[in-house]
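In full-length UniProt numbering, the protein residues as written are 1 to 371.
Structure below.
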């Protein structure tokens with residue numbers, strides 16, 4: 001199995017903050033209120049979330065299919081209607097419907113609370129990748145395969161922070177998806193969105209579109225930032241847990257409950273950010289923990305400009321301020337967000353990073369302890 005490093009980019013471009021309340025599939029599912037930082041570029045958007053839990057491990061025999069990275073950065077040729085149908089048809093063999101029927105207490109103890117969405121098969125022996133929001137409330141979880149066969153499912157692992165959950169059903173001989181390399185995705189790439197909408201007359205959905213935004217940073221209430229793809233591919237209500245495919249039919253992003261259904265332009269998590277969470281949950285029972293700094297910024301000619309500092313974060317406590325220009329981290333010159341994230345990825349919570357900054361013409365060194 002390939003090894004992947006996972007860390008969340010703490011920066012975006014031209015952020016605008018606003019409140020957000022995720023859209024739920026049906027009444028009865030509790031809502032999350034979070035404050036977001038929305039990045040506006042080619043597309044407009046929304047998003048949120050956190051928490052984390054541990055459950056059983058995956059068998060050593062389970063195999064997940066990855067493809068290696070290639071030459072990235074070049075837009076793909078547009079998909080034709082024929083190729084969209086072909087890609088969608090193949091992908092639907094690996095897309096399932098996930099339903100969670102929760103129990104509401106009272107005299108009659110009615111089963112009326114639902115979490116619904118899609119999931120994708122990641123191994124031939126019954127492991128399913130889906131959104132953690134669908135299974136966040138304890139209930140009876142049912143997975144329906146493309147051939148309409150229903151299975152009871154157990155939660156094998158969940159990480160609300162990344163909105164990833166792993167389910168297990170007692171089935172073999174399934175057709176798993178193949179994960180691509182989201183680092184090679186370019187602006188304008190053609191994509192196919194596959195999901196399982198709520199509408200009972202639609203067991204699955206296949207739509208096409210393009211990538212209209214890359215690395216759109218959205219800051220969560222706790223100061224963390226997640227980077228997403230933006231696409232104009234239509235996503236029907238209830239397709240949370242579905243995926244975006246490239247022109248080769250490989251999964252390059254996952255739709256999730258971090259995304260509001262109120263925008264015509266949708267967000268999806270790059271699959272390279274999902275892979276380490278998936279592997280951690282399956283192999284170790286927990287997702288990797290990412291150290292946080294708590295700043296957002298933009299690339300500059302001679303460093304990285306801090307555009308905002310989240311309250312009560314390591315950066316805030318250390319004294320970093322909006323308007324500071326970061327020129328070095330731990331003595332290493334930086335001119336991009338990616339360089340800062342690379343340095344951060346080599347450290348753990350509790351480590352201290354020394355930021356060399358310019359503030360009003362004065363060169364300062366500020367120590368930031370990660371958490």
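Using N, Cα and C, we set each Cβ at its ideal position, and we do this for glycine too.
query                                                                                                                                                           : result
If distances are taken between C-alpha atoms only, which option among 357, 86, 365 and 344 comes closest to residue 206?                                        : 86
What are the boundary residues of the beta strand (DSSP E) that residue 270 is part of?                                                                         : 266 to 270
Taking 8 Å as the cut-off, decide whether the C-beta atoms of residue 185 and residue 208 are in contact.                                                       : no
Distance check for residue 172 and residue 98, CA to CA, integer angstroms please.                                                                              : 18 Å
Quick one: give me the first and last residue of the beta strand (DSSP E) that residue 299 is part of.                                                          : 295 to 300
Look up residue 325 in the DSSP assignment and give the residues it is bridged to.                                                                              : 305 and 358
Using a C-beta cutoff of 8 Å, does residue 141 count as contacting chain B?                                                                                     : Going by chain labels, chain B is absent from the structure shown, which holds only one protein chain.
Assuming residue 187 contacts residue 146 under a Cβ cut-off of 8 Å, what Cβ separation, rounded to an integer in Å, is found between them?                     : Rounded, the Cβ-Cβ distance is 32 Å, inconsistent with contact.
Suppose you measure from the CA of residue 269 to the CA of residue 313; what does that come to, to the nearest Å?                                              : 24 Å
Below 6 Å CB to CB, which residues in the same chain sit around residue 193 once its five sequence neighbours on both sides are set aside?                      : 207, 233, 235 and 244
Based on DSSP bridge pairs, tell me the residues matched to residue 231.                                                                                        : 211 and 266
Just list the residues that DSSP pairs residue 168 with in beta bridges.                                                                                        : 127 and 154
Would you kindly work out how many angstroms separate the C-alpha atoms of residue 227 and residue 170, rounded to a whole number?                              : 34 Å
On a Cα-Cα basis, can you pick out the residue from 134, 140 and 247 that is closest to residue 182?                                                            : 247
Identify the residues that DSSP records as bridge partners of residue 337: which are they?                                                                      : Looking at the DSSP assignment, residue 337 forms no beta bridge with any residue, so it has no partner.
Compute the beta-carbon to beta-carbon distance between residue 165 and residue 155, rounded to the nearest angstrom, for a pair I have assumed lies under 8 Å. : 6 Å
Closer than 8 Å is the cut-off here; do at least three beta carbon pairs connect the stretch 348 to 366 with the stretch 324 to 331?                            : yes
Rounded to whole angstroms, how far is the Cβ of residue 291 from the Cβ of residue 359, which I believe are closer than 8 Å?                                   : In fact, because the Cβ distance is near 24 Å, the residues do not count as touching under 8 Å.
Can you tell me the Cβ-Cβ gap for residue 121 and residue 167, rounded? I've got them flagged as a contact below 8 Å.                                           : Incorrect: roughly 10 Å between the Cβ atoms, too far for contact.
If residue 293 sits next to residue 370, beta carbons under 8 Å apart, how far is it from one beta carbon to the other, in whole angstroms?                     : 7 Å
Residue 133: buried (16+ other C-beta within 10 angstroms of its C-beta) or exposed?                                                                            : buried
Would you list the one or two residues that DSSP bridges to residue 193?                                                                                        : 207 and 244
For residue 118, which of 366, 302, 357 and 256 has the nearest alpha-carbon?                                                                                   : 256
Would you list the one or two residues that DSSP bridges to residue 381?                                                                                        : Here the chain has residues from 1 to 371 only, and residue 381 is not among them.
With respect to the beta strand (DSSP E) encompassing residue 253, which residues constitute its N-terminal and C-terminal limits?                              : 251 to 254
Just the C-alpha distance for residue 116 and residue 300, rounded to the nearest angstrom, thanks.                                                             : 43 Å
So what does DSSP say about residue 38, is it helix, strand or coil?                                                                                            : At residue 38 the pLDDT is 32, less than 50, meaning the model places this residue with poor confidence and gives no usable figure here.
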